[in-house]
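Numbered according to numbering that gives the first Met the number 0, the sequence shown spans residues 0 to 255. Ideal placement from N, C-alpha and C gives every residue a C-beta, glycine not left out.
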Amino acid sequence: MNALGVAQRDRALVLAALVALTALAWAYTIYLGLGSSSMTMVGDMAMPMMMQWSVADFVFMLIMWAVMMFAMMLPSVTPAVMIYERVRAKREEAGRPFVPTGSFVAGYLLVWLGFSLAATVLNWWLHTGGALSSMMGRVAPTVGGVMLIFAGLFQWTPLKNACLEHCRSPMSFLTAHWQEGSLGAAKMGLRHGAYCLGCCWMLMVLLFVLGVMNLPWVAVLTIVVLAEKTLPFGRFLSRGLGVVLIVWGGWLIMLA
Numbered sequence: 000m001n002a003l004g005v006a007q008r009d010r011a012l013v014l015a016a017l018v019a020l021t022a023l024a025w026a027y028t029i030y031l032g033l034g035s036s037s038m039t040m041v042g043d044m045a046m047p048m049m050m051q052w053s054v055a056d057f058v059f060m061l062i063m064w065a066v067m068m069f070a071m072m073l074p075s076v077t078p079a080v081m082i083y084e085r086v087r088a089k090r091e092e093a094g095r096p097f098v099p100t101g102s103f104v105a106g107y108l109l110v111w112l113g114f115s116l117a118a119t120v121l122n123w124w125l126h127t128g129g130a131l132s133s134m135m136g137r138v139a140p141t142v143g144g145v146m147l148i149f150a151g152l153f154q155w156t157p158l159k160n161a162c163l164e165h166c167r168s169p170m171s172f173l174t175a176h177w178q179e180g181s182l183g184a185a186k187m188g189l190r191h192g193a194y195c196l197g198c199c200w201m202l203m204v205l206l207f208v209l210g211v212m213n214l215p216w217v218a219v220l221t222i223v224v225l226a227e228k229t230l231p232f233g234r235f236l237s238r239g240l241g242v243v244l245i246v247w248g249g250w251l252i253m254l255a
């Protein structure tokens with residue numbers, strides 16, 4: 000097989016691996032989401048003294064958050080991974096040492112694993128404090144309204160715009176931050192993941208408003224994140240969404 004054939008085969012394998020990983024993450028997320036309704040009802044009827052978490056509860060919720068984040072973020076990072084794979088293959092043809100694309104992906108996912116840990120701690124704090132209706136429930140309307148307004152305002156901040164620009168321009172990112180070797184690839188994945196976290200974290204926090212395992216909203220947020228990063232009018236979509244979130248939050252507060 001010639002070099003072009005090898006490169007095409009490798010790109011196909013990388014894409015297949017990403018699709019398989021995304022499918023597995025979504026399958027597990029859907030499985031948990033379908034089973035969370037009964038857990039939410041039980042949680043709503045539970046007394047405060049029954050809201051304490053065990054170590055097993057914490058580990059379960061950490062896994063849930065991590066898998067859900069992987070399901071939501073892998074579709075939007077796939078273009079960046081495929082560009083990385085193309086650049087990596089060209090550099091290998093030029094005599095550079097082989098570096099697995101998995102190192103870049105692992106670095107990226109490590110960032111979202113860290114976010115999942117933070118989200119699990121916040122989940123625990125809200126639930127054990129009585130602010131969350133159940134382990135996978137939602138916050139009170141007033142709190143949710145405030146969170147929506149903050150999320151809407153964040154959509155207009157320079158930080159959001161700067162991080163989004165890096166996510167929207169993966170080739171420019173790779174050109175500016177390229178590092179050699181597997182460790183270098185992992186560091187690039189970490190850096191790219193940090194930019195993605197910087198532009199998306201407030202949208203992920205909205206799951207506490209919409210319902211931690213509310214599958215329709217998980218799907219909607221996934222589409223929003225993907226659209227922000229890939230569509231030509233992603234920046235305008237982001238700001239328009241900010242207005243919607245601010246109005247929605249104000250409406251929730253007025254109704255509370």
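Query, Result
"Beta-carbon within less than 7 Å of T28's beta-carbon, same chain only, minus the 5 sequence neighbours each way: which residues are those?", "V66, M67, A70 and V217"
"Excluding five sequence neighbours on each side, which residues of the same chain lie with their C-beta closer than 8 Å to the C-beta of E84?", "D9, R10, V13 and T100"
"Where do the ends of the alpha helix (DSSP H) carrying P231 lie?", "Taken as a continuous stretch (DSSP letters only), P231 belongs to no alpha helix (DSSP H), as it is neither H nor E."
"Does DSSP classify V211 as helix, strand or coil?", "coil"
"Reducing DSSP to helix, strand and coil, say where V138 ends up.", "strand"
"Leaving aside the five residues before and after P47 along the sequence, list all residues of the same chain whose C-beta is less than 7 Å from its C-beta, in chain order.", "At P47 the pLDDT is 41, less than 50, meaning the model places this residue with poor confidence; the figure from the coordinates comes in the next sentence. Same-chain partners within the cutoff: G129."
"For L254, does the three-state DSSP call read helix, strand or coil?", "helix"
"Quick check: what's the CA-CA separation for P231 versus E92?", "32 Å"
"Going by C-alpha to C-alpha distance, which of N122, A226, T119 and F207 sits closest to E164?", "A226"
"Would you kindly report the start and end of the unbroken alpha helix (DSSP H) that includes L189?", "G180 to V204"
"Let me make sure I understand the geometry here. Which of T229, K228 and V223 has the alpha-carbon closest to that of V243?", "V223"
"I148 and I252: beta carbons closer than 9 Å?", "yes"
"Does F235 pass the burial test, meaning 16 or more other C-beta atoms within 10 Å, or should it be called exposed?", "exposed"
"Indicate whether P78 and K186 have their beta-carbon atoms separated by less than 9 Å.", "no"
"Relative to the C-alpha of G151, which candidate in V208, I245 and M50 has its C-alpha closest?", "I245"
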